[in-house]
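Heads up: the structure comes next, in structure tokens.
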Amino acid sequence: MLQIQEQGLRPLTTAHLAQTMSLLVLSNQELRHRVQEELDRNPALEWVGERVCPSCHRPLHRAGPCPSCTAPPSGRADGPIVFLSPRSASHFTPRHGGDEDYADLEPAAPEDLPVHVLQQLAADLQGDERTIAAYILSSLDDEGFLQDPAPIVARAVHAPLSVVERVLALIQQADPPGLATECPRQALLVQARLLDDGSSLPRTACRVLAEAFEELGRRDYEGIAARLGLPTGQVKRAASFVQKNLNPYPARGYWGSGRQAPRADPNVYHTPDILITRNPTLPQGPLMVEIFSPMPGWLRVNPLFRQAQSSAPEEHSDEWDQHLERASLFVKCMQQRNNTMRRLLEILVTQQQDFIVHGDRFLQPMTRAKIAHELAVHESTVSRAVAHKAVAFPGGRIVPLMRFFDRSLSVRDVVKEIVSGEKRPLTDDQIVAELGRRGIAVARRTVAKYRAVEGILPARLRHPKQEAAAARI
DNA sequence: CTATGGCACGGATT
DNA sequence: AATCCGTGCCATAG
């Protein structure tokens, strides 16, 4: 309460509160739909496009100083800079940070895939292209693949092949990436190119996918290495990159259909709601935390509508009043949501900087209740804020926001290290002893569970000789 | 007999 | 009130 008033927001009404809560649970994607719905229904609402900071070219939220260029307004100088971005996550181009795992999110809530994609592309498509896109999306098979190659589609929609190809390319690069390709190989290739940031790993992955897909399926790394003239180690790393970061069946993550064993695709790439980066000009400076907007731009009450309201025709006056009221409530709720997210991230990033920068090992146990207390909100609010959101770390890893509250993550990380560094397979009891030596007290049974969630085989089935790493692709 | 996984219980968290 | 998590006990596989 105190905090909220400090932020200069209006006092809360119950309607306000209820709606804010309902917005808070939504992920960015879901929020996009919600906002769109409200915009369609309410003429008093307006979505204003994106602006860019003249000096740093980062997108600018509203008027005032650019958050990227200025120091944090108050508080600790070493704290992170948290700001709301008018950029939407579809602008986000993922990078990779070496051999770390990239993303392992639960699949997003099922939604209508064609609609989801069309909304992303709305701005890029015009006239006929929309129809073509809709046709293509509706003709995909269950896995998200194209049934007919581009020329046949072109004939079906009576459009030039070049146009169809352009639309296809757009769909393939939208989220989920690799959709509307013809086979897993193509899907992976598209995804790999999207991840290509010029460094060698995605490059190699692209080459391997393009030129040696068969061998990759058979895990014939030596063969690939020989044929492409690359070191075997590099090929193996590329294979593991592919396995960890790419998804051969783009649609699966979105339908979340239980047809596949859940283990088969925990690697679904997911668009983040929040992006944490380092300031490139100040590598050791504070972390930059960017909270994406559901669409590029921001929301406000349409000033023209407000102006027109005073001179509204008599018979519409009430109706327009309602629109205005509803619009300003909605805007307030969005602000409230943004505000809560911003404050939450500020706390999270401040307290878990080591976790973000140095990895899972450094995650300090924290509970939602404790954070709720610090934020002076109800714990259910924190739960909602944390739900359904994903955050991209500087290294490029994308993790669910919920990961910050994983009680056993750091211990599991140590277990992973022990196992990967073991000379001979250690039994659970021996792992318990090793953990004890490092000052971590857990029961044997618990180690077994950690192994299970990390997908580590029991000692008997672990062989020091062969790497169990590259499972299925 | 040893190492593991299943089941279930109690306490903490949501 | 519902859920999650660590753990102990016990059956079973090797």
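My numbering puts the first residue of the first sequence at 39, with every later residue one more than the last. Where a beta carbon is used, it is the ideal one built from N, C-alpha and C, also for glycine.
Per DSSP, cross-strand counterpart(s) of residue i
i	result
residue 438	428
residue 262	Residue 262 pairs with nothing; no bridge assigned.
residue 312	329, 429
residue 85	337
residue 280	Residue 280 pairs with nothing; no bridge assigned.
residue 219	183
residue 120	327
Residue i versus residue j - alpha carbon distance
i	j	result
residue 471	residue 393	25 Å
residue 198	residue 157	23 Å
residue 250	residue 212	26 Å
residue 229	residue 348	53 Å
residue 67	residue 487	33 Å
residue 490	residue 467	15 Å
residue 225	residue 214	10 Å
residue 234	residue 182	22 Å
residue 231	residue 313	21 Å
residue 462	residue 270	24 Å
residue 54	residue 367	7 Å
residue 499	residue 252	28 Å
residue 309	residue 170	25 Å
residue 82	residue 369	11 Å
residue 494	residue 446	16 Å
residue 58	residue 204	40 Å
residue 206	residue 174	8 Å
residue 243	residue 452	29 Å
residue 154	residue 71	9 Å
residue 264	residue 459	29 Å
residue 475	residue 426	37 Å
residue 378	residue 435	24 Å
residue 437	residue 286	20 Å
residue 163	residue 496	52 Å
residue 288	residue 238	24 Å
residue 342	residue 51	26 Å
residue 278	residue 272	10 Å
Range covered by the beta strand (DSSP E) that runs through residue i
i	result
residue 268	Segment: none, residue 268 is in no beta strand (DSSP E) and carries neither H nor E.
residue 338	336–339
Span of the alpha helix (DSSP H) around residue i
i	result
residue 485	482–492
residue 168	166–176
residue 61	52–62
residue 349	Where residue 349 is concerned, there is no enclosing alpha helix (DSSP H), given that its DSSP letter is neither H nor E.
residue 448	447–458
residue 465	Counting along the chain, residue 465 falls outside any alpha helix (DSSP H), and DSSP gives it neither H nor E.
residue 207	199–211
residue 396	391–396
residue 196	Where residue 196 is concerned, there is no enclosing alpha helix (DSSP H), given that its DSSP letter is neither H nor E.
residue 157	151–159
residue 478	Counting along the chain, residue 478 falls outside any alpha helix (DSSP H), and DSSP gives it neither H nor E.
residue 247	238–249
residue 415	Neither: residue 415 is in no alpha helix (DSSP H) and is coded neither H nor E.
residue 402	Careful: residue 402 lies outside any alpha helix (DSSP H) and carries neither H nor E.
residue 74	66–79
Candidates the options, of which the one nearest residue i by Cα
i	options	result
residue 276	240, 248, 266	240
residue 172	151, 189, 187, 181	151
residue 78	496, 196, 361, 191	361
residue 329	363, 423, 194, 188	423
residue 384	327, 273, 333	327
residue 267	381, 431, 245, 121	245
residue 166	202, 186, 185, 189	202
residue 483	465, 476, 477	465
residue 260	418, 386, 274	274
residue 335	118, 87, 74	87
residue 381	341, 356, 478, 410	410
residue 457	492, 478, 73, 192	492
residue 340	365, 455, 428, 351	365
Per the contact definition of three or more C-beta pairs closer than 8 Å, is the stretch 269–283 in contact with the stretch 215–223? no
Does the pairing of the stretch 395–408 with the stretch 439–457 give three or more beta-carbon distances under 8 Å? yes
Report yes or no: do three or more beta-carbon pairs, one from the stretch 368–379 and one from the stretch 403–412, lie closer than 8 Å? no
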